[in-house]
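Residue numbers (our numbering): 1 to 756. Everything on this sheet refers to the single structure shown next.
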């Protein structure tokens, strides 16, 4: 019988062990949780989001790092922009007010120097910008950290020393933007958890009609998430970990741990209601729901490990960390939770709530009615929903992929506002630029006449490209200077060069490399910017130069090419592995293929909504507080790999119950109907929990987290309501007994229930 098979299985025996040695299991589980959670004390060491050695833009920056070692030209910087309604840069009052505002910062031990318009050369080169705006109404102060200090740790304290007085000011620049992203991400995580937790508890109370039962999934999520964060902190000291890792992995950990606990608690209570003793109920729960959780965890892990294909994008760290979170959720759900249930026994139903959902007997209730209607009208159910989902997916045909940069922050964020002020007030502000890093072989001289002619000709050609406003480098310091002018100038000793040329030379060249800055008027994620990158790279190749193109737009092109190039491999891996896992669960050839088709339907619909909302706006930017912009190329990948595995929670849960009934009755229609009824309430509750967890991240201040949260919430909502509850049963009804066909050599039979 199926029951005896479940009880004699490895997971069934694990349930018995958890009952017989409940305090030992609890102690070991808590010890593991405390050990892993203690790794949080190491602190995080999140690296750059993109680290691809094979990406041209990253190779370019490696050349720069080798030529200008950290500390050689000082530490990293942040900037402060000042303005006043009445004063300008030439007003004595303005000068005094700015110096007073910066005094305490300049005196801080971690600060190397503070550069104002009045203590440095006004034409100092920094990507083509000066320190005084075009009309003199704004000034920029550059604050450089001592490289001996950790600037991110010091910034919070240093920035608070700014005393703007009568001035209006904005803190922005490299360190300020990095610090803002890190701070917002941490705040987003805690804010989301604060919003989601009481709503999740309310949902669980409604689902279980018992406060004690409702608290158990939340109790399991705590060690799962804390242990997962500890693992990620440890991992960040071993390899490059994406800065978004903590938020996304916490999101995954909360969702799956609550879902898995919900499945197990529900099945345990059901077996108690069926008259089983506590130990027998726990054994059967572990052998059935525990098995479903195990296979669900495997399918989620398969989806997450698909991220390992995207080397250099920061996604592999999300895959590894997410797999940690899922493994921990499976472990704590099948051990720690089982031991707690063993101790609680019948008390799991304590503190009953009259407003909770009532469990229905077979053939009664809402889900029974839905199941019966779907069974009678499969085509009327299937066709309109499939058309609706395909229509929802249509906007994805117009997707524009690109990196968002500082515009991923909320529009009112100070660091972002500072960048926008510079863009408005400095016509030549190089917020949008790419650069070409040229390398000279041993024996080559950057000031040879032939090198000057070749490099100047290259720069002059780039200067004529659409959207390019300025090209600056040692071989093209000023568009009015010809190659012969430069040859004559560089034949002189450096001390005779104009100060601005000396500044450019020191900032952009060494004996090994020369950096050519290309300033352009377009958004880094725009089609124009990506086309410019491709044209410059083509010109480098055509001229036979050893140059590598870098910059935000160039990195965007590289990431898009990496994502597009690796996606077929990742998708094939996920589809094939998931098919095998579902086959092992239900011993059917068609059901895994149908499950994949259904998953793709819900996923593509969420992709379409992602473009409709975050790329095109349609008024949602005012509601959700973001700026419409190209979709980050990693966002659809993250959604696919997470959702494909997680939506299988419902598929595996539903199929496991349908399969049980099929083995008992051999009636496909009855099996589908009862499977939907018996899992409908649970799927509704589980989906509601996931939608709340993911949807709470819509409140995030970093747009990529907002987009991922909403994308996941939409995908799960569509999957659990339209797809699993309606499309899947309709499709299974139409396929009939063929659902369960499998060749004998694969362990199946001729459309008949198999004897266990």
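Built from N, CA and C at the ideal position, the CB exists for glycine as well.
Nearest C-alpha to residue 299 among 408, 323, 687 and 66: 323. In the pairwise beta carbon analysis, the segment 522-532 is classified as not touching the segment 278-289: fewer than three pairs are separated by under 8 Å.
Taking a contact to require three or more Cβ pairs closer than 8 Å, the segment 131-150 and the segment 182-199 do not qualify as touching. Residue environment: residue 139 is assigned as buried (16 or more neighbouring CB atoms within 10 Å of its CB, all protein chains considered). A check of alpha carbon separations from residue 626 across 410, 592 and 35 identifies 410 as the nearest. Taking all protein chains shown into account, residue 446 has 16 or more neighbouring C-beta atoms within 10 Å of its C-beta and is therefore buried.
Nearest C-alpha to residue 57 among 536, 632 and 166: 536. The distance from the Cβ of residue 716 to that of residue 244 is about 19 Å, inconsistent with a contact at the 8 Å cut-off. Looking at the backbone, the Cα of residue 402 and that of residue 639 are separated by about 16 Å. Given a length threshold of 4 residues, each whole run of the alpha helix (DSSP H) inside the segment 423-478 is given here in chain order: 449-463. Pairing residue 254 with residue 333 gives a Cβ-Cβ distance that is not under 8 Å. Residue burial is scored here from C-beta neighbours: residue 665 has fewer than 16 other C-beta atoms within 10 angstroms and is therefore classed as exposed. Residue pairing from DSSP places residue 141 in a beta bridge opposite 80. Secondary structure at residue 169: strand, using DSSP grouped into helix, strand and coil.
Annotated three-state conformation of residue 702 is strand, per DSSP.
Residue 252 and residue 571 have their alpha carbons spaced roughly 20 Å apart.
The beta carbon of residue 175 sits closer than 8 Å to those of 76, 77, 78, 145, 151, 152 and 155, all from its chain and outside the five residues before and after it, given in chain order. In this structure, the beta-carbon distance from residue 241 to residue 46 falls below 8 Å.
Residue 81 holds the alpha-carbon nearest to the alpha-carbon of residue 420 among 68, 81, 23 and 60. Contact check for residue 306 against residue 641 passes: the beta carbons are separated by less than 8 Å. Take the alpha-carbon of residue 407 and the one of residue 569: they are about 31 Å apart. If you look at residue 496, you'll find it isn't in any beta strand (DSSP E); DSSP assigns it neither H nor E. Per DSSP, residue 608 is one residue of the alpha helix (DSSP H) stretching across 590-610.
Rounded to the nearest whole angstrom, the CA to CA distance from residue 133 to residue 493 is 33 Å.
Closest by C-alpha distance to residue 21, out of 487, 340 and 211, is 340. 8 Å or more divides the Cβ of residue 647 from the Cβ of residue 588.
Residue 614 is positioned such that its CB atom lies closer than 8 Å to that of residue 628.
Here DSSP, grouped into helix, strand and coil, assigns residue 310 to coil. For the pair residue 675 and residue 662, the Cα-to-Cα distance works out to about 9 Å.
Residue environment analysis places residue 611 among the buried positions, since at least 16 neighbouring C-beta atoms fall within 10 angstroms of its C-beta. Residue environment for residue 576: exposed (fewer than 16 other C-beta atoms within 10 angstroms of its C-beta).
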